[in-house]
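Colleague: Following numbering that gives the first Met the number 0, the numbering of the sequence shown begins with 0 at its first residue and continues without gaps. Take this structure first; my questions come after.
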Amino acid sequence: MADVAGKAEKKKRSRKKRSKAGAQLVAPAYEPVAAAPADDDGPEEPHARAQPDKHAKKRTQEQRGGAAVDAGPGSSDDSEDFHEPGDDDGPSRKKSKPTGRAAIKQFGIEVADVERIDANVSGIMSDVRFDSMKLSDNTMRGISDMGFTHCTEVQARTIPPLLEGRDLLGAARTGSGKTLAFLIPVVELLHRAKFSHRNGTGAIVISPTRELSLQTYSVASDLMKYHSQTHGLVMGGANRRGEAEKLVKGVNLVVATPGRLLDHLQNTKGFVTRNLAALIIDEADRILEIGFEEEMRQIVRLLPADRQTMLFSATQTTQVEDLARLAFRGRPIYVGVDDSRAEATGEGLEQGYCVVPSERRFLLLFTFLKRNANKKVMVFFSSCNEVKFYSELLNYIDLPVMDIHGKQKQQKRTSTFYDFSKAEKGILLCTDVAARGLDIPAVDWIVQFDPPDDPREYIHRVGRTARGRGGKGRALLMLLPEELGFLKHLKDARVPLNEYEVPTSKIANVQSQLERLIEKNYYLHQSAKEAYRSYVLAYNSNQLKDIFNVHALDLAGVAKSFGFPRPPKVPLNIESRSSHARRGKDGAVGTGTAHGHGFKHKAAKKSKSFSAANPYGRQTDDARQWS
């Protein structure tokens, strides 16, 4: 124990040195033991490589306060005017778009097999008090310590039937209190059955990602503070042997990711599940989307059939229907508290989009982030390599950012998640690994640098802001002119969007400085090439190919957004639509070599400026900013 405490204290001191202005960083409630080789429990974006954060830089106090970055001749103050009338931190709103309402589809199984609880909901909170639900004193003490007195709508409608032992199929928008809606009945079930470690595992919660599992585990820890029952977390990236030892001793409530849970069910001798009383599948659609369909089928078959089952899914798919039929043994209750809503996103969320050509995308992002450096901002990208490159680039020029993506070591992802959650301000660059379920407090802006390939994913991304009762937040979607057809899909999904006007004169013109930096810096150059390649490949994998058509991409413009004056020659291997497609020209789709244009690979490696202590090859007079 002393060794573990010493490591935690050492890590806490290390994080404190890297903290940004105003960020109060707290060590996570759960520290995964030294990482084993990462398994497949997190959604991993294609075409990205794991890159340890070797080049993190220390910040001076002045830098943490927001060091100025020269925005180029004639535009150093442009970003200061980049705001919405009456506000200081957003683009100006041009006009309002009408909202649409999609037809409500039935969930999971046929209507005849589901007992519905209708919910005509106008807000998140209800008038129902927790103390009216006849919960145990220990549970009530935990809820009181968490600061809650009244239920949300989803809690008011799900907890009573779950306390009666009913199976439940549920749908609720993000930030609606769903986690407590299933944890409270589960904790009560374990308490009433007087579970102890000798009884083994009585309840299992399955979550799609490690971050969501960590968050659910944290909520369970607070809720079970005064109970004698045990709880634990098993997930990819953590120490499997340590998990197995705890499971054998007896963990009453297990929070898990699918891959690691199946591993323990199949291979951990002494993992007792014969007394399992409840199975909760959270974000079922997301679990299936990221490729765990077969694992979920095996898990359901390995667990006792005589149990209470709760399945939550934001959307209906054929896979979810099949899983629901397999998981439920009887007639479940269906609770859909969002069915009658005119809008699919939160009421306190102001959403907009802007149209920007490829070559100006990074310039707009840089201007926006520079302007909102004192806000809490999340920026979503389509690939791990993009997150890695833009994180390295922005940190290099002293615009401090954090980053999370699916190729990082789990310990890095966990510490970054908790650091950003506790920070009062900061910028987080991320992939969709951070889009589902995570409760990150007080996020001011959600920026979607790369659009998602599905309106449902858009809804989950923007769900990281405007959470809970009275929550406020803003979202900005960046679209190419060729991608405007995506707005129709959002309208059909009941997503209201305004158009934001961003005058070209208000965008910081730092393109020439960016290109010089990428050309001269070997490591950033290589990272930019990998990011460029990953962006094009991710674009090609988009499901809405009539809108996101890789062959319609302006590759010269795309290259500029990564700091190249012309497309780098990288292997893409994308089939052209016709025999006269752009082959062999300016690094077009499907052609190229491993080395970029205008960059002398060998000369850069021989430079004496590069060393372990100076990995970016910084010169003594390099102020780490564009000038």
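C-beta atoms are modelled at their ideal positions from N, C-alpha and C, and glycine is treated no differently.
Three or more C-beta pairs under 8 Å: does that hold for the stretch 448 to 463 against the stretch 491 to 509?
Modeller: yes
Colleague: Distance, Cα to Cα, Leu513 vs Lys224?
Modeller: As a first step, residue 513 is located in the sequence shown; it is residue number 514 there, counting from the start. As a first step, residue 224 is located in the sequence shown; it is residue number 225 there, counting from the start. Cα to Cα, Leu513 sits roughly 52 Å from Lys224.
Colleague: Rounded to whole angstroms, how far is the Cβ of Leu489 from the Cβ of Pro454, which I believe are closer than 8 Å?
Modeller: If you number the sequence shown from 1, residue 489 lands on position 490. If you number the sequence shown from 1, residue 454 lands on position 455. Between Pro454 and Leu489 the Cβ distance is about 5 Å, and since that is below 8 Å, they are a contact.
Colleague: Could you check the C-alpha separation between Leu523 and Val446 for me, to the nearest Å?
Modeller: Start at 1 with the first residue of the sequence shown, and residue 523 comes out as number 524. Start at 1 with the first residue of the sequence shown, and residue 446 comes out as number 447. Leu523 and Val446: Cα-Cα distance of roughly 23 Å.
Colleague: Is the distance from the Cβ of Ser220 to the Cβ of His230 below 8 Å?
Modeller: Walking along the sequence shown from the start, residue 220 turns up at place 221. Walking along the sequence shown from the start, residue 230 turns up at place 231. Taking 8 Å as the Cβ cut-off, Ser220 and His230 qualify as a contacting pair.
Colleague: In or out: Gln214 buried (at least 16 other Cβ within 10 Å) or exposed?
Modeller: Locating residue 214 in the sequence shown gives position 215, where the first residue counts as 1. With 16 or more other Cβ atoms within 10 Å, it is buried.
Colleague: Going by the CB atoms, is the gap between Ile517 and Leu363 shorter than 8 Å?
Modeller: Sequence index remark: in the sequence shown, residue 363 carries index 364 (1-based). Sequence index remark: in the sequence shown, residue 517 carries index 518 (1-based). No, the pair does not count as a contact, with Cβ atoms beyond the cut-off.
Colleague: If you measure between the beta carbons of Ile298 and Leu264, is that distance less than 8 Å?
Modeller: If you number the sequence shown from 1, residue 298 lands on position 299. If you number the sequence shown from 1, residue 264 lands on position 265. Cβ atoms of Ile298 and Leu264: closer than 8 Å.
Colleague: Since Phe379 and Cys429 should fall inside the 8 Å C-beta cutoff, what is the C-beta to C-beta distance between them, to a whole number of angstroms?
Modeller: For the purposes of this step, residue 379 is taken as the residue at position 380 of the sequence shown. For the purposes of this step, residue 429 is taken as the residue at position 430 of the sequence shown. Going by Cβ atoms, the distance from Phe379 to Cys429 rounds to 6 Å, so yes, they are a contact pair.
Colleague: Apply the 10 Å Cβ neighbour rule to Pro440 and answer buried if 16 or more other Cβ atoms are within range, or exposed otherwise.
Modeller: As a first step, residue 440 must be located in the sequence shown, where it is residue number 441. Looking at its Cβ environment, which holds fewer than 16 other Cβ atoms inside 10 Å, Pro440 is exposed.
Colleague: Can you tell which of His226, Val127 and Met145 has its C-alpha closest to the C-alpha of Ser135?
Modeller: For this step, residue 135 is matched to residue 136 along the sequence shown. Checking every option, the nearest Cα to that of Ser135 belongs to His226.
Colleague: Excluding the five sequence neighbours on either side, which residues of its own chain have a C-beta within less than 7 Å of the C-beta of Ala243, listed in chain order?
Modeller: Here residue 243 corresponds to residue number 244 of the sequence shown, with the count starting at 1. Excluding residues within five positions, the ones whose Cβ falls inside 7 Å are His263 and Thr267.
Colleague: Out of Gly425, Tyr395, Gly556 and Gln410, which one is the CA nearest neighbour of Asn238?
Modeller: Here the question's residue 238 lines up with position 239 in the sequence shown. Cα-wise, what sits closest to Asn238 is Gln410.
Colleague: Which residues does DSSP pair with His230 in a beta bridge?
Modeller: Taking the first residue of the sequence shown as 1, we reach residue 230 at position 231. Note: His230 sits in a beta bridge opposite Leu252.
Colleague: Mind checking whether Asn274 and Asn198 have CB atoms under 8 Å apart?
Modeller: Along the sequence shown, read from residue 1 onward, the residue named residue 274 stands at position 275. Along the sequence shown, read from residue 1 onward, the residue named residue 198 stands at position 199. It is a contact, given that the beta carbons lie within the stated cut-off.
Colleague: Which residue's Cα is closest to the Cα of Leu211: His190, Lys245 and Pro257?
Modeller: Looking up residue 211 in the sequence shown gives position 212. For the residues His190, Lys245 and Pro257, the minimum Cα distance to Leu211 belongs to Pro257.
Colleague: Quick one: what does DSSP say Asp126 is sitting in, helix, strand or coil?
Modeller: Residue mapping note: residue 126 aligns to position 127 of the sequence shown, counting from 1. The DSSP-derived three-state label of Asp126 is strand.
Colleague: Going residue by residue through the stretch 155 to 217, where are the continuous beta strand (DSSP E) segments of at least 3 residues, counting only ones entirely within it?
Modeller: 167 to 170 and 202 to 205
Colleague: Using C-beta distances below 6 Å, list every residue in its chain close to Arg140, excluding the 5 sequence neighbours before and after it, in chain order.
Modeller: Here residue 140 corresponds to residue number 141 of the sequence shown, with the count starting at 1. Tyr225.
Colleague: Nearest by alpha-carbon distance to Arg323: which of Ile546, Leu278 and Pro450 is it?
Modeller: Against the sequence shown, residue 323 aligns to sequence position 324. Looking at the sequence itself, residue 323 is Ala, so the reference to Arg does not match. It is Leu278.
Colleague: Smallest Cα separation from Val204: which of Leu478, Ala192, Val334 and Leu179?
Modeller: Numbered from its first residue, the sequence shown carries residue 204 at position 205. Its Cα nearest to that of Val204, the residue Leu179 stands out among Leu478, Ala192, Val334 and Leu179.
Colleague: Is it true that the CB of Ala155 sits closer than 8 Å to the CB of Ser195?
Modeller: Position 196 of the sequence shown, counted from the first residue, corresponds to residue 195. Position 156 of the sequence shown, counted from the first residue, corresponds to residue 155. For Ser195 and Ala155, no; Cβs fall outside 8 Å.
Colleague: For the alpha helix (DSSP H) containing Ile286, name the first residue and the last one.
Modeller: As a working mapping, residue 286 is identified with position 287 in the sequence shown. Ile286 -> alpha helix (DSSP H) spans Ala283 to Glu288.
Colleague: Determine the contact status of Tyr352 and Tyr499, defining contact as a CB-CB distance below 8 Å.
Modeller: Here residue 352 is taken as the residue at index 353 of the sequence shown, counted from 1. Here residue 499 is taken as the residue at index 500 of the sequence shown, counted from 1. Yes, they are a contact pair.
Colleague: Are the beta-carbon atoms of Pro566 and Ala558 separated by less than 8 Å?
Modeller: Position 567 of the sequence shown, counted from the first residue, corresponds to residue 566. Position 559 of the sequence shown, counted from the first residue, corresponds to residue 558. Taking 8 Å as the Cβ cut-off, Pro566 and Ala558 qualify as a contacting pair.
Colleague: Using a Cβ-Cβ cut-off of 7 Å (strictly less than) and excluding sequence neighbours within five positions of Pro450, which residues of its own chain qualify?
Modeller: Position 451 of the sequence shown, counting from 1, holds the residue named residue 450. Contacts found: Leu476, Leu478, Glu482 and Phe485.
Colleague: What is the DSSP secondary structure of Gly335, counted as helix, strand or coil?
Modeller: In the sequence shown, residue 335 corresponds to position 336, counting from 1. Reduced to three states, the DSSP call for Gly335 is strand.
Colleague: Have a look at Ser420 and Asn373 and give me their C-alpha separation to the nearest angstrom.
Modeller: Residue numbering aside, residue 420 sits at position 421 when the sequence shown is read from its first letter. Residue numbering aside, residue 373 sits at position 374 when the sequence shown is read from its first letter. Those two C-alpha atoms are separated by around 15 Å.
Colleague: Which residues bound the beta strand (DSSP E) around Gly425?
Modeller: In the sequence shown, counting from the first residue as 1, residue 425 sits at position 426. Gly425 -> beta strand (DSSP E) spans Gly425 to Cys429.
Colleague: Going by DSSP, what residue range makes up the alpha helix (DSSP H) through Gly486?
Modeller: In the sequence shown, counting from the first residue as 1, residue 486 sits at position 487. Looking at the sequence provided, one finds Leu at residue 486 rather than Gly. Element bounds for Leu486: Phe485 to Asp491.
Colleague: Less than 8 Å separating the beta-carbons of Val284 and Thr317?
Modeller: Working through the sequence shown from its first residue, we reach residue 284 at position 285. Working through the sequence shown from its first residue, we reach residue 317 at position 318. The question names Val, yet the displayed sequence has Asp at residue 284. No, they are not a contact pair.
Colleague: Alpha carbon to alpha carbon, how far is Val334 from Thr208? Give it in angstroms, no decimals.
Modeller: Here the question's residue 208 lines up with position 209 in the sequence shown. Here the question's residue 334 lines up with position 335 in the sequence shown. Approximately 24 Å between the Cα atoms of the pair.
Colleague: Out of Phe563, Val535 and Gly562, which has the shortest C-alpha to C-alpha gap to His550?
Modeller: In the sequence shown, residue 550 corresponds to position 551, counting from 1. Residue Val535 is the option with its Cα nearest to His550.
Colleague: Flag this pair as yes or no: are the beta carbons of Leu222 and Ala202 separated by less than 8 Å?
Modeller: Walking along the sequence shown from the start, residue 222 turns up at place 223. Walking along the sequence shown from the start, residue 202 turns up at place 203. Against a cut-off of 8 Å, the Cβ pair of Ala202 and Leu222 comes out as no contact.
Colleague: Tell me where the alpha helix (DSSP H) around Val535 begins and ends.
Modeller: As a position in the sequence shown, residue 535 is number 536, starting the count at 1. Unbroken alpha helix (DSSP H) run through Val535: Tyr521 to Asn539.
Colleague: Buried or exposed: which applies to Lys248, given that a residue is buried once 16 or more other Cβ atoms fall within 10 Å of its Cβ?
Modeller: Counting from one through the sequence shown, the residue named residue 248 turns up at place 249. When all chains shown are included, Lys248 counts as exposed.
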